[in-house]
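Residue numbering for the sequence shown follows the UniProt record's numbering, beginning at 1 and increasing consecutively.
Every residue, glycine too, gets a C-beta built ideally from N, C-alpha and C.
All figures in this text were calculated on a predicted structure; none of them were measured in a lab.
Structure first, commentary second.
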Amino acid sequence: MTRTVARVEDLRVAVGDRVLVDGVSLTVHAGRCTALVGPSGSGKSTTALALLGEYPAGARVEGTVVVEGRAAYIPQNPAAALNPARRSGALLNDIARLTGGTRAERVARVREALRAARLPDPDRVARRFPHQLSGGQQQRSGGQQQRVVLAQALLAGAPVLIADEPTTGQDPLTTRRVVEELRAVLDRDIGVLLLSHDADVVGELADHVVILRGGGG
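Put into structure tokens, the structure is as follows:
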């Protein structure tokens with residue numbers, strides 16, 4: 001039986017008179033993908049961010065949220081997770097420092113994380129600022145920024161990865177690449193919580209699907 005890396009039971013989140021999530025339960029297992037699907041406003045992001053311990057200001061929260069270690073998050077706009085004033089390698093080195101080691105060992109771990117995230121030419125990527133990835137071509141740049149954020153998660157050793165609409169706005173080739181990258185994450189025994197409107201992507205990746213309707217499962 002695969003181990004549970006994240007569990008949500010009967011989650012209810014309300015702000016004032018507005019109920020954002022009501023009675024949501026889900027489980028994420030190591031090396032398995034749980035997909036959270038539903039229309040905009042159904043509470044997908046609120047549920048996912050609960051795994052990070054993040055709630056809207058003034059929220060009243062009920063239920064249980066348990067995560068093994070710390071969850072990693074790839075936002076729909078990956079640039080939001082990257083400091084535009086720092087090179088990609090410096091951002092990753094900050095994470096590598098948390099686990100210690102010599103400078104050479106940290107550099108090796110950063111390079112390996114970039115390779116594992118399927119970034120070509122890791123040394124070149126490490127020298128660039130986030131907005132410089134892929135020469136500033138918006139769609140491809142977003143794809144490489146997404147992979148740098150993925151490298152951060154791999155470097156941190158997060159047991160759970162939250163992927164928030166990772167294929168939205170991507171062309172078919174990039175979508176296929178994202179699916180392959182998430183499969184590689186699962187092969188590393190990392191659990192994935194996938195938020196997606198893309199039925200084909202959900203069908204390819206998900207071992208379990210949780211449907212939200214108006215904030216509830």
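Whole-angstrom distance between Val61 and Asp200, CA atom to CA atom: As a working note, residue 200 is residue 200 in the sequence shown. As a working note, residue 61 is residue 61 in the sequence shown. Between Asp200 and Val61, the C-alpha separation is close to 33 Å.
Given a cut-off of 8 Å on the beta-carbon distance, is the pair Gln144 and Leu173 in contact? Numbered from its first residue, the sequence shown carries residue 144 at position 144. Numbered from its first residue, the sequence shown carries residue 173 at position 173. Contact: no.
Status (buried if at least 16 other CB within 10 Å, exposed otherwise) for Pro84: For the purposes of this step, residue 84 is identified with residue 84 of the sequence shown, where counting begins at 1. So Pro84 counts as exposed.
Answer yes or no: do Thr2 and Gly31 have a C-beta to C-beta separation smaller than 8 Å? As a working note, residue 2 is residue 2 in the sequence shown. As a working note, residue 31 is residue 31 in the sequence shown. Yes; because the gap between Cβ atoms is below 8 Å, this pair is in contact.
Taking 8 Å as the cut-off, decide whether the C-beta atoms of Leu91 and Leu98 are in contact. Locating residue 91 in the sequence shown gives position 91, counting from the first residue. Locating residue 98 in the sequence shown gives position 98, counting from the first residue. In this structure, Leu98 does not lie closer than 8 Å to Leu91 by Cβ.
If the criterion is Cβ atoms closer than 8 Å, does the pair Val110 and Ala126 meet it? Counting from one through the sequence shown, the residue named residue 110 turns up at place 110. Counting from one through the sequence shown, the residue named residue 126 turns up at place 126. Yes.
What residue range does the alpha helix (DSSP H) around Glu105 cover? Taking the sequence shown and counting its residues from 1, the one referred to as residue 105 is at position 105. That run of the alpha helix (DSSP H) goes 103-116.
Looking at Val178 and the ligand PLP, is the gap between the Cβ and the nearest heavy atom below 7 Å? In the structure on display, the ligand PLP does not appear, and there are no ligands present to speak of.
From Tyr55 to Asp121, what does the alpha carbon distance come to, in whole angstroms? For the purposes of this step, residue 55 is taken as the residue at position 55 of the sequence shown. For the purposes of this step, residue 121 is taken as the residue at position 121 of the sequence shown. Distance between the alpha carbons of Tyr55 and Asp121: 38 Å.
When the Cβ atoms of the region 34-46 are set against those of the region 194-211, are three or more pairs found closer than 8 Å? yes
By the 10 Å Cβ neighbour count, where 16 or more other Cβ atoms means buried, how is Asp123 classified, buried or exposed? Walking along the sequence shown from the start, residue 123 turns up at place 123. Classification for Asp123: exposed.
Supposed close pair Gly43, Val24 - CB separation, criterion 8 Å: If you number the sequence shown from 1, residue 43 lands on position 43. If you number the sequence shown from 1, residue 24 lands on position 24. That pair is a contact at about 7 Å.
Quick check on DSSP: helix, strand or coil for Glu62? By one-based count along the sequence shown, residue 62 stands at place 62. Residue state, collapsed to three classes: strand.
Candidates Val178, Leu26, Asp207: which alpha carbon is nearest Gly169's? As a first step, residue 169 must be located in the sequence shown, where it is residue number 169. Looking at the Cα atoms, Val178 is the closest of the given residues.
Using DSSP with H/G/I as helix, E/B as strand and the rest coil, what is Leu194? Position 194 of the sequence shown holds residue 194. In the structure shown, Leu194 sits in a strand (DSSP, three-state: E or B).
Mind checking Gly191: buried by the 16 CB within 10 Å criterion, or exposed? Here residue 191 refers to the residue found at position 191 of the sequence shown. Counting Cβ neighbours within 10 Å, Gly191 comes out buried, since at least 16 surround it.
To the nearest angstrom, how far is it from the Cα of Ala156 to the Cα of Gly100? By one-based count along the sequence shown, residue 156 stands at place 156. By one-based count along the sequence shown, residue 100 stands at place 100. Cα to Cα, Ala156 sits roughly 12 Å from Gly100.
Beta-carbon contacts of Ala59 that lie in its chain and below 6 Å, excluding the five residues immediately before and after: To locate residue 59, count along the sequence shown from 1; it is residue 59. Excluding sequence neighbours, Ala59 sits near Val13, Val15.
When burial is assigned at 16 or more other CB atoms within 10 Å of the CB, is Ile95 buried or exposed? Position 95 of the sequence shown, counted from the first residue, corresponds to residue 95. Flag for Ile95 reads buried.
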